[in-house]
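Numbering (our numbering), first residue to last: 2 to 972.
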């Protein structure tokens, strides 16, 4: 290992000169074990002890201890340099202890003179105690701790130069248990390193939320760490240096002499320090937050060098430290190279060890898994975050910008059919600008007063001067975070070729995607109809006309989703902007132009989350449905050409596919061959069983039968045959059936039944509307005619009667006329419902009456109920649901009428191939009951139930006939 040889060269001369003066304790096994464990775990404890000492005894001398800790965290010198620094630190501590002792001795002689300047001596670090021995003992213990570190380092360096003793952790073959431990530790370390940036941002954000220009510098670091895709070591070093300077200033301000001088300097100086964010009353929490950032960034910057050096030393020590099983896994070279190396350095290194390649490949696959997962769902995470932000705030011009750029992203992606950087990057820039602008308003009251002269901070900009900084910036910050995650994912995946899963994969996910491909246009149609009903106005009428026009297009048409999305985006933008200008424009409820706004479809939202959600619900549903169609067309483009249907009016793709098409075709041929063989064998078996029950067979006949069955089996298949001849036994066996062989034949019959049943069910599920579209529409007409009894219901009854009387060919020719009539009914009833909502057409009506109450009050409100019966009044939007269902189902049948045939359908060919296996559904006699399967029992049970129902009806009819005959006789 290169680091080990560097350390070995540095310390070899040092240890050679001091070897003759080495203490005899260095050769003892007890001290050897103690020194190695103290070398491994003692130095972090020393840094912690120095920090706690500095916090407890605040002084200039204690600040020297903090300066030592700060230098270690900033530079992380080598072990040899650290050994020399420890010597200097020991001299400093001993000098401080001697000075304290001399000061306390001199204090007894010059009590009056020293007592005048006590605050100066305490600021320096010279305290006078009634019992000075305790303080000197504490300083002596700290010095012993540092000296012990030097002694341990000296002994460890002595072990490194010694050529005696084996290595404690040589990189030999790793067993399975150690391999599992290495994988676990590598995964945890890799996860912590990946989360280190998020942890750093959280720690920085705690400082950003505090007032002052120094904390504004932290905000700059926060934005740089957030926006940049990669953070280099120099930037972290700058952050560590700035944090140490800030920490030092706060620490110096805690000194009594400095704080008293600052209080006496006047209000101007206090105001300057307050604007800077510096206070002499800083809490320990503030110092801990800054120190946490220093430690975390230092470990992140120098962790690889530190652990690599520690690994080099521990691998050549005579005995391992305590807990070395886990420590060895963490200090393994494979873990260090795979976890702590950057992407560029990892590409430059060559993993000579197979174990290193395994660890690196394992961690790389984990990273690619997370990236591919966020690539699939990151867009929708960003969409939902921005949408939730719009719901939670009062509509203002800042949130209007979020909506504008979000719709620009979604609509642009739908139109160009590809996600491009110039579509989503403006939203990221806008969020960053809003975050900086809002943060500036929060930390600078002067800037806030200047902006308030031109525009109202609340509610026009959504900035509340009386709220906290977090309340004002959380919206822009959350959007900026999700956009940065999206940008990071796009940048990482641009250089990698991830296998994007499409709808052709087998399993539940692939089936759900193909199901969405089949029915996404139905989801879009329902969403558009809901948006049409949510706003009975001119905008809703445009939705309805588009629904009628686009229902005649094939499923694979991409025009409807694009048109709907552009129109919905314009509606959403105009309606959201209307919330801020409705009062000045006199269009709010109760104002002069409210009727015109209601005619256009512009509604004023209620206050709160649910008010904004209800106002945007219809538009959001249409946008979601259009986004689903974008994904559908993307999956369809990725599918193999063999699974995509080329016909204009056919379904876009196959709904049910196997994992391997070639394997399915091969299995299909084998299944047909085995089914023919099975049919012949089963017919022979059934005939032989019937004859065996009628008369006993001799052994010779049994032998002849068995031989005949064997000849049939050999003639059908010589290579792959199922030896059904053994079902009868050999010549020495009896004619009785072997139970185990009966079960085998029964299982094959059941498998054939399942495959046949499955092929028929799949065919019917894919072609239900093509086969029974007319019957489905007749059922829909019947149900719609009973939802509301009016002239439209009578019209539906007439259409139903016409469908019953006419043949299918004539109905298919006249069906476009039926669709046009159903669409006309839907539009006319929408106008009737819209007319009821127009303010200038409403008359004075003191009595509230609804059409659904006309069945009991028709005589009192005859005029109103007659208009309801004629369809001139529609006072409930739910009345249009039945008309829409009739129209949309008729359009489905119109689309299916363009279908030419099933000749190119794979499910149709599979169903035709399974027709040869129809004999397995043939009724079995009671003599062959042992061959019955579960499906046979279900079939016979259904026949019995039908027979009982028919018998009961026949019995009732006979009783009624007998009762009528008896009555006539009595008459």
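Just so it is clear, CB atoms sit at the ideal spot from N, CA and C, and this is done for glycine as well.
Nearest-angstrom Cα separation, counted from residue 866 out to residue 855: 6 angstroms
How close, in whole Å, do the beta carbons of residue 518 and residue 403 come, if the pair is a contact with beta carbons under 8 angstroms? That pair is no contact at about 32 angstroms.
Going by the CB atoms, is the gap between residue 408 and residue 541 shorter than 8 angstroms? Their beta carbons are not under 8 angstroms apart, which means residue 541 does not touch residue 408 by this criterion.
Which same chain residues end up closer than 6 angstroms to residue 492 when comparing Cβ atoms and leaving out the 5 residues on each side of it in sequence? 230
Helix or strand or just coil, what does DSSP make of residue 320? coil
Around the Cβ of residue 667, are there at least 16 other Cβ atoms within 10 angstroms (buried) or fewer (exposed)? Unreliable positioning characterises residue 667 in this predicted model, as indicated by a pLDDT of 38, which lies under 50. A coordinate reading is not provided.
Kindly give me the distance between the Cβ atoms of residue 529 and residue 547, rounded to whole angstroms, as I take these residues to be in contact under 8 angstroms. Cβ atoms of residue 529 and residue 547 come within 8 angstroms of each other, at about 7 angstroms.
Helix, strand or coil: which one does DSSP assign to residue 506? Taken through DSSP and simplified to helix, strand or coil, residue 506 comes out as coil.
Cβ separation of residue 533 and residue 545, assumed to be a contact under 8 angstroms, to the nearest whole Å: The pair is a contact, with the Cβ atoms about 5 angstroms apart (cut-off 8 angstroms).
Could you tell me the alpha carbon to alpha carbon distance between residue 48 and residue 56, rounded to whole angstroms? 13 angstroms
Residues of its chain near residue 120, where Cβ-Cβ distance is below 6 angstroms and the 5 sequence neighbours each way are ignored: Taken in chain order, the residues that qualify are 257 and 258.
Based on Cα-Cα distance, which residue from 463, 278 and 391 lies nearest to residue 615? 391
If you drop the 5 nearest sequence neighbours on each side, which residues of the same chain put their C-beta closer than 7 angstroms to that of residue 605? 580, 583, 589 and 590
Looking at the strands, I want to know which residues DSSP matches up with residue 645. Looking at the DSSP output, residue 645 sits in a beta bridge with 654.
Can you confirm whether residue 439, when its beta carbon is compared against all beta carbons of chain C, has any partner nearer than 8 angstroms? Here there is only one protein chain, and chain C is not present.
How is the alpha helix (DSSP H) around residue 121 delimited, first residue to last? 119-125
DSSP three-state call for residue 875: helix, strand or coil? Three-state DSSP puts residue 875 in coil, outside helix and strand.
Does DSSP put residue 552 in a helix, in a strand, or in coil? Coil at residue 552, not helix or strand.
Output needed for residue 1005: all residues of its chain with C-beta closer than 8 angstroms, excluding positions within five of it in sequence on either side, in chain order. Since the first residue of the chain shown is 2 and the last is 972, residue 1005 is not available in this structure.
Drop a sphere of 10 angstroms on the beta-carbon of residue 428, count the other beta-carbons inside from all chains shown, and report buried for 16 or more, exposed for fewer. Label assigned to residue 428: buried.
Would you kindly check if the distance between the Cβ of residue 636 and the Cβ of residue 514 is under 8 angstroms? yes
Who are the Cβ neighbours of residue 783 in its own chain at under 7 angstroms, not counting the five residues just before and after it? 801
Count the other C-beta atoms from every protein chain shown that fall within 10 angstroms of the C-beta of residue 864, then say buried if there are 16 or more, exposed otherwise. exposed
Using the rule of at least 16 other Cβ atoms within 10 Å of the residue's Cβ for burial, across every protein chain shown, is residue 165 buried or exposed? The predicted model places residue 165 with a pLDDT of 48, which falls under 50 and marks its position as unreliable, so this point remains unresolved.
Unbroken alpha helix (DSSP H) run spanning residue 559, endpoints: Premise fails: residue 559 is in no alpha helix (DSSP H) and is neither H nor E.
Closer than 8 angstroms by C-beta to residue 554: which residues in its own chain qualify, once you throw out the five before and the five after it? Chain order, please. Excluding residues within five positions, the ones whose Cβ falls inside 8 angstroms are 560 and 561.
Taking contact to mean at least 3 C-beta pairs separated by less than 8 angstroms, is the stretch 286-293 in contact with the stretch 204-217? yes
Host alpha helix (DSSP H) of residue 1011 (start-end): Given that the chain is displayed from residue 2 to residue 972, the structure contains no residue 1011 and the question cannot be resolved.
By a C-beta neighbour count over all protein chains shown, 10 Å radius and 16 as the cutoff for buried, is residue 473 buried or exposed? buried
According to DSSP, is residue 750 helix, strand or coil? Helix.
May I have the straight-line CA-CA distance separating residue 398 from residue 648, to the nearest angstrom? 48 angstroms
Backbone secondary structure at residue 194 - three-state DSSP: helix
Is residue 777 near residue 900, with beta carbons less than 8 angstroms apart? no
With a Cβ-Cβ cutoff of 8 angstroms, do residue 91 and residue 139 count as a contact? No, Cβ-Cβ distance for residue 91 and residue 139 is not below 8 angstroms.
If we require 4 or more residues per run, which alpha helix (DSSP H) segments fall completely within the stretch 773-814? 792-806
Taking the alpha-carbon positions, what's the residue 280 to residue 185 distance? 45 angstroms
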